[in-house]
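As structure tokens, the structure follows; a few thoughts come after it.
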Amino acid sequence: MHKLYIISYNGSNSSAIKETVKLHGAWFSHFDNQYLLCSTSNIATIKSALDTKIVQGVDRLLILEVELKEVKGWINKNGWDWIKNQREKLKH
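Right, dumping it as structure tokens:
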């Protein structure tokens with residue numbers, strides 16, 4: 009079952025965080041160091057993988073599981089297309 013996550017990161021290892029996020033499923037980033045991730049991995053698995061890339065006590069990491077019941081905002085067409093495509097995965 010696919011789930012949708014928002015991952016926010018503030019720290020010095022942004023490239024490693026991005027590469028780790030990419031390993032866990034379909035992703036999109038509209039803001040620096042913030043990712044939408046559609047994945048079959050659970051939140052604990054994702055956090056565990058990301059924990060190996062952060063400086064404990066210095067970097068900041070937040071992972072939220074979200075539902076796409078209603079979405080509003082101003083992002084580019086690629087972002088809206090990504091959301092539309094992931095919404096189909098989340099239905100199954």
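Positions 9 to 100 (our numbering) are the ones given, in order, by the sequence shown. C-beta: ideal position from N, C-alpha, C; glycine also.
Item to check | Coil, strand or helix - Glu27 by DSSP | outcome: Assignment of Glu27 by DSSP, reduced to helix, strand and coil, places it in the helix class.
Item to check | Continuous beta strand (DSSP E) stretch holding Glu96: start and end | outcome: Run containing Glu96: none in the beta strand (DSSP E); it sits in the alpha helix (DSSP H), Lys85 to Leu98.
Next on the checklist: So for Ser16, helix, strand or coil by DSSP?
Outcome noted: strand
Checklist entry - Would Leu12 pass as a contact of Leu98 if the rule is Cβ separation under 8 angstroms? => result Closer than 8 angstroms, so yes.
Item to check | DSSP-derived helix/strand/coil call for Leu76 | outcome: coil
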